[in-house]
Amino acid sequence: MSAADPSPRGDSAAAGQFDVVVIGGGPAGYPAAIRAAQNKLKVACIDEWKNRDGSYAFGGTCLNAGCIPSKALLESSELYHRAQHEFAVHGIKLSSVALDLAAMQKRRAGIVKTMTGGITALFKANGVTAYQGHGRLVAPGQVEVTGGDGARKLLGARHVILASGSMPVQLKSVPQDGQFIVDSWNALEFDAVPPRLGVIGAGVIGLELGSVWRRLGSDVTVIEALDSFLPMADQAVAKEALKHFKKLGLNITLGAKVSDAAVRDGAVAVNYTNAQGEHSLVVDKLVVAVGRCPFTDGLFAPGVGVTLDARGFIEVDEHCHTKVPNVWAVGDVVRGPMLAHKGKEEGVMVADLIAGLYGEVNYKTIPSVIYTAPEIAWVGQTEEQAKASGRPLKIGSFPFTASGRARAMEASSGFCKVVAAADDDEILGVHIIGPMAGELIAEAVLAMEYSASAEDIQRTIHAHPTLSEALHEAALAADKRAIDSINR
Ligand code: FAD
Ligand code: NAD
Numbered sequence: 012m013s014a015a016d017p018s019p020r021g022d023s024a025a026a027g028q029f030d031v032v033v034i035g036g037g038p039a040g041y042p043a044a045i046r047a048a049q050n051k052l053k054v055a056c057i058d059e060w061k062n063r064d065g066s067y068a069f070g071g072t073c074l075n076a077g078c079i080p081s082k083a084l085l086e087s088s089e090l091y092h093r094a095q096h097e098f099a100v101h102g103i104k105l106s107s108v109a110l111d112l113a114a115m116q117k118r119r120a121g122i123v124k125t126m127t128g129g130i131t132a133l134f135k136a137n138g139v140t141a142y143q144g145h146g147r148l149v150a151p152g153q154v155e156v157t158g159g160d161g162a163r164k165l166l167g168a169r170h171v172i173l174a175s176g177s178m179p180v181q182l183k184s185v186p187q188d189g190q191f192i193v194d195s196w197n198a199l200e201f202d203a204v205p206p207r208l209g210v211i212g213a214g215v216i217g218l219e220l221g222s223v224w225r226r227l228g229s230d231v232t233v234i235e236a237l238d239s240f241l242p243m244a245d246q247a248v249a250k251e252a253l254k255h256f257k258k259l260g261l262n263i264t265l266g267a268k269v270s271d272a273a274v275r276d277g278a279v280a281v282n283y284t285n286a287q288g289e290h291s292l293v294v295d296k297l298v299v300a301v302g303r304c305p306f307t308d309g310l311f312a313p314g315v316g317v318t319l320d321a322r323g324f325i326e327v328d329e330h331c332h333t334k335v336p337n338v339w340a341v342g343d344v345v346r347g348p349m350l351a352h353k354g355k356e357e358g359v360m361v362a363d364l365i366a367g368l369y370g371e372v373n374y375k376t377i378p379s380v381i382y383t384a385p386e387i388a389w390v391g392q393t394e395e396q397a398k399a400s401g402r403p404l405k406i407g408s409f410p411f412t413a414s415g416r417a418r419a420m421e422a423s424s425g426f427c428k429v430v431a432a433a434d435d436d437e438i439l440g441v442h443i444i445g446p447m448a449g450e451l452i453a454e455a456v457l458a459m460e461y462s463a464s465a466e467d468i469q470r471t472i473h474a475h476p477t478l479s480e481a482l483h484e485a486a487l488a489a490d491k492r493a494i495d496s497i498n499r
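Oh and the sequence shown: position 226 is 237 in the numbering used here, straight run, nothing missing.
Following this line, the structure appears as structure tokens:
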């Protein structure tokens with residue numbers, strides 16, 4: 012067991028029996044452990060994440076290699092880009108702007124360390140027993156923990172929550188070596204800006220990491236298999252986004268199938284085909300970002316009764332209960348979008364259900380955010396999905412060019428769009444591309460959670476001048492009553 016193996020509640024014998032044992036301390040597992048402890052249950056959380064230096068860290072993919080480090084670099088690289096391209100418009104003259112990538116990366120690593128350390132502190136404060144090592148459900152009610160030194164310990168558990176997360180999908184024809192052909196974790200930790208960067212996959216990771224390195228000076232080519240761009244987003248938003256990525260200089264090739272890639276003479280040769288024929292590309296680094304798959308290696312003994320679907324996800328019902336009584340599974344390892352906030356809500360729901368309290372996740376109101384510039388965020392149905400449902404619709408859109416605050420911020424690209432039902436005025440979806448879209452979407456999520464109508468948003472007072480007025484105006488525009496833009 013690792014040194015961080017405290018037993019804050021009682022002696023070691025008592026520490027062997029728990030009400031709840033959570034396997035996985037990422038954004039699905041650690042909130043489950045904390046909420047279960049808040050519910051006065053005796054809780055342990057086991058996590059095996061190890062960083063490059065061999066140190067254990069709670070927080071899973073999100074804190075160590077995903078959401079947090081990527082957002083740190085997105086922020087830094089965006090400032091660098093704005094200093095170069097935008098400050099002059101504000102009347103700020105800089106004689107030169109230089110990149111100190113080592114300092115940027117040090118800041119990123121520091122934020123990760125503080126945040127992951129924060130989970131250890133939260134566990135202590137809530138009385139969660141933390142184990143750092145491998146957890147395995149050996150039988151219903153029994154979890155084995157294997158520490159870094161190989162020592163094993165058996166924990167009794169009334170309930171077990173599996174929160175083992177996901178790992179990047181690998182392509183057989185593009186073998187990763189961790190140096191030239193890499194995954195997203197490696198791509199967050201480059202110590203030099205690759206002059207030429209290739210990215211396979213124009214999904215969320217491809218666009219976020221492609222933006223980071225493009226802003227820092229890389230010549231970036233993104234190779235996407237599908238013919239359509241951001242098919243999961245509202246297509247008006249996707250169209251607007253593609254325009255901005257092109258303007259940034261991301262070279263995005265759609266409908267392209269990578270046949271192979273290999274490291275040669277310190278560079279990567281990539282071959283792909285598209286409608287125009289066969290192509291080859293040479294880059295200094297190649298990032299494979301073609302999705303993630305559930306991770307269940309060594310998680311449970313065969314025959315324990317936990318089942319996987321055809322894609323490897325643990326099968327659960329709408330309350331995240333597996334087929335085994337008192338065994339639950341949450342986060343990326345179960346169906347649904349692979350998002351930290353989705354996993355968190357599932358973890359909290361399960362911890363409340365175990366305690367006999369009410370618990371529910373409203374899967375219809377999970378927001379999606381892509382943290383590029385402009386930011387992209389949405390909740391609910393796209394216009395295309397709503398149209399396909401056959402329900403009569405009304406659509407309201409408001410451009411950030413008409414927002415005084417966006418103009419003042421020099422960030423007037425994009426728009427906010429409300430998709431509402433024409434019959435009963437229900438808000439079916441909200442789609443934003445523009446400044447702080449990821450923050451603005453929260454109001455739409457709350458509105459939909461409360462089953463608000465477009466009129467409810469119309470009658471809600473929004474401070475002026477704020478970006479949030481864009482949602483107000485878009486809701487008004489759905490009834491052709493926008494004040495600050497022309498109703499179409
Ligand atoms: P994980 O975070 O993967 O955590 C699972 C943990 O369980 C890991 O620590 C793992 O080591 C541990 N574990 C697994 N098996 C065992 C075992 N048998 N014993 C002990 N421990 C075990 N999502 C967002 O919502 N917003 C974002 O901005 C965002 N950005 C991202 C950027 C990148 C580059 C990546 C890769 C992902 C991003 N995601 C983002 C997705 C997000 O990281 C995941 O959805 C989230 O981490 C899933 O949480 P989880 O707890 O289910 O799994
Ligand atoms: P993704 O599913 O978002 O995108 C993968 C892309 O790769 C898709 O467009 C797919 O068509 C393409 N692709 C698949 N196989 C290909 C191939 N052989 N050649 C070319 N293209 C191919 O997955 P991701 O970007 O790897 O992200 C993984 C997960 O992490 C996602 O589920 C995402 O939700 C999550 N994530 C979220 C955020 C965020 O919330 N801001 C940020 C990063 C990651």
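The beta carbon of each residue, even a glycine, is placed where N, CA and C say it ideally should be.
Report whether the distance from the Cβ of Y91 to the nearest heavy atom of ligand 2 is below 7 Å. Against the sequence shown, residue 91 aligns to sequence position 80. Flag unset: Cβ of Y91 not near ligand 2.
G128 in three-state terms, based on DSSP: Counting from one through the sequence shown, the residue named residue 128 turns up at place 117. Three-state result, G128: helix.
Specify, as a first and last residue, the run of the beta strand (DSSP E) that G445 falls within. Stepping through the sequence shown from its first residue, residue 445 is reached at position 434. Start and end: I438 to G445.
Out of L112, V100, A94 and D64, state which residue places its alpha-carbon closest to the alpha-carbon of L84. What you label residue 84 is simply residue 73 of the sequence shown in a count that begins at 1. Of the listed residues, the one whose Cα sits closest to L84 is L112.
Given the structure, does L265 come close to ligand 2, in the sense that its CB is under 7 Å from one of the ligand's heavy atoms? Taking the sequence shown and counting its residues from 1, the one referred to as residue 265 is at position 254. No - ligand 2 has no heavy atom lying nearer than 7 Å to the Cβ of L265.
Indicate the three-state DSSP secondary structure (helix, strand or coil) for V204 in the structure shown. Mapped onto the sequence shown, residue 204 falls at position 193. Of the three classes helix, strand and coil, the one that applies to V204 here is coil, per DSSP.
Beta-carbon separation of Q143 and D58 under 8 Å? Locating residue 143 in the sequence shown gives position 132, counting from the first residue. Locating residue 58 in the sequence shown gives position 47, counting from the first residue. Yes; because the gap between Cβ atoms is below 8 Å, this pair is in contact.
Output the distance between the C-alpha atoms of T333 and A68, rounded to the nearest integer angstrom. Here residue 333 refers to the residue found at position 322 when the sequence shown is read from its first residue. Here residue 68 refers to the residue found at position 57 when the sequence shown is read from its first residue. Distance between the alpha carbons of T333 and A68 is about 27 Å.
Helix, strand or coil for V223? Go by DSSP, reduced to three states. Here the question's residue 223 lines up with position 212 in the sequence shown. Helix.
Please classify A463: is it buried, with 16 or more other beta-carbons within 10 angstroms of its beta-carbon, or exposed? The sequence position of residue 463 within the sequence shown is 452, counting from 1. Burial of A463 is indicated by the presence of at least 16 other C-beta atoms within 10 angstroms of its C-beta.
Stretch pair the stretch 371–381 + the stretch 395–406: three plus CB contacts closer than 8 Å: no
How far does the beta strand (DSSP E) with E289 in it extend, from its first residue to its last? Position 278 of the sequence shown, counting from 1, holds the residue named residue 289. That run of the beta strand (DSSP E) goes G288 to V294.
V299 to L457 span [Cα, whole Å]: One-based indexing of the sequence shown puts residue 299 at position 288. One-based indexing of the sequence shown puts residue 457 at position 446. Rounded to whole angstroms, V299 to L457 spans 35 Å at the Cα level.
What is the rounded straight-line gap between the Cα of N285 and the Cα of V294? Position 274 of the sequence shown holds residue 285. Position 283 of the sequence shown holds residue 294. Computed Cα separation, rounded: 18 Å.
Quick one: measure Cβ to Cβ for F426 and P446, integer angstroms, because I've assumed they're closer than 8 Å. Residue mapping note: residue 426 aligns to position 415 of the sequence shown, counting from 1. Residue mapping note: residue 446 aligns to position 435 of the sequence shown, counting from 1. Not a contact, Cβ separation roughly 11 Å.
How far does the alpha helix (DSSP H) with D328 in it reach, from first residue to last? The sequence position of residue 328 within the sequence shown is 317, counting from 1. No alpha helix (DSSP H) contains D328, which DSSP labels as neither H nor E.
With a Cβ-Cβ cutoff of 8 Å, do V345 and F324 count as a contact? Along the sequence shown, read from residue 1 onward, the residue named residue 345 stands at position 334. Along the sequence shown, read from residue 1 onward, the residue named residue 324 stands at position 313. Contact: yes.
Using three-state DSSP, classify H145 as helix, strand or coil. Within the sequence shown, the letter at position 134 stands for residue 145. DSSP places H145 in strand when its eight states are reduced to three.
Classify M360: buried if its beta carbon has 16 or more other beta carbons within 10 angstroms, exposed otherwise. Counted from its first residue, the sequence shown places residue 360 at position 349. Buried.
Kindly give me the distance between the Cβ atoms of L482 and V441, rounded to whole angstroms, as I take these residues to be in contact under 8 Å. For the purposes of this step, residue 482 is identified with residue 471 of the sequence shown, where counting begins at 1. For the purposes of this step, residue 441 is identified with residue 430 of the sequence shown, where counting begins at 1. Sure, about 7 Å apart at Cβ, within 8 Å.
Could you spell out the range, first to last residue, of the alpha helix (DSSP H) harbouring D30? Your numbering for residue 30 matches position 19 in the sequence shown. Per DSSP, D30 belongs to no alpha helix (DSSP H); it is in the beta strand (DSSP E), Q28 to I34.
Could you check the C-alpha separation between A433 and A474 for me, to the nearest Å? On the sequence shown, residue 433 is found 422 positions in, with the first residue counted as 1. On the sequence shown, residue 474 is found 463 positions in, with the first residue counted as 1. Using only the alpha carbons, I get a separation of about 27 Å.
Counting beta carbon pairs with one atom in the stretch 263–270 and one in the stretch 227–236, are three or more of them shorter than 8 Å? Note that the stretch 227–236 touches the stretch 263–270; at least 3 beta-carbon pairs, one per stretch, sit closer than 8 Å.
Between A247 and L241, is the Cβ-Cβ spacing less than 8 Å? Along the sequence shown, one-based indexing puts residue 247 at 236. Along the sequence shown, one-based indexing puts residue 241 at 230. Their beta carbons are not under 8 Å apart, which means A247 does not touch L241 by this criterion.
In chain order, what residues of the same chain have a beta carbon less than 7 Å from the beta carbon of A486, not counting five sequence neighbours either side? To locate residue 486, count along the sequence shown from 1; it is residue 475. Cβ neighbours of A486 beyond the five flanking positions: G407, V429, A465, I468 and Q469.
Please state the DSSP three-state secondary structure of V317. Counting from one through the sequence shown, the residue named residue 317 turns up at place 306. For V317, the secondary structure class from DSSP, reduced to helix, strand or coil, is coil.
Is V180 close to chain C? Criterion is C-beta to C-beta, closer than 8 Å. Absence of chain C from the displayed structure is noted, only one protein chain being present.
Rounded to whole angstroms, how far is the Cβ of P336 from the Cβ of R416, which I believe are closer than 8 Å? Taking the first residue of the sequence shown as 1, we reach residue 336 at position 325. Taking the first residue of the sequence shown as 1, we reach residue 416 at position 405. At roughly 53 Å, the Cβ-Cβ gap does not stay under 8 Å, so P336 and R416 are not in contact.
Could you compute how far the alpha carbon of A25 sits from the alpha carbon of K135? Residue mapping note: residue 25 aligns to position 14 of the sequence shown, counting from 1. Residue mapping note: residue 135 aligns to position 124 of the sequence shown, counting from 1. The pLDDT assigned to A25 is 36, lower than 50, so where the model puts this residue is not dependable; a value taken from the coordinates is nonetheless given after this. The alpha-carbon atoms of A25 and K135 are separated by roughly 17 Å.
Short of 6 Å in beta carbon distance, which residues of its chain neighbour D16, apart from the five on each side in sequence? Order them along the chain. For the purposes of this step, residue 16 is identified with residue 5 of the sequence shown, where counting begins at 1. Unreliable placement is indicated for D16, whose pLDDT of 46 sits below 50; the coordinate value is still reported in the next sentence. Around D16: Y142.
For T318, is the classification buried or exposed, using 16 other Cβ atoms within 10 angstroms of its Cβ as the cut-off for buried? One-based indexing of the sequence shown puts residue 318 at position 307. With fewer than 16 Cβ atoms within 10 Å of its Cβ, T318 is classed as exposed.
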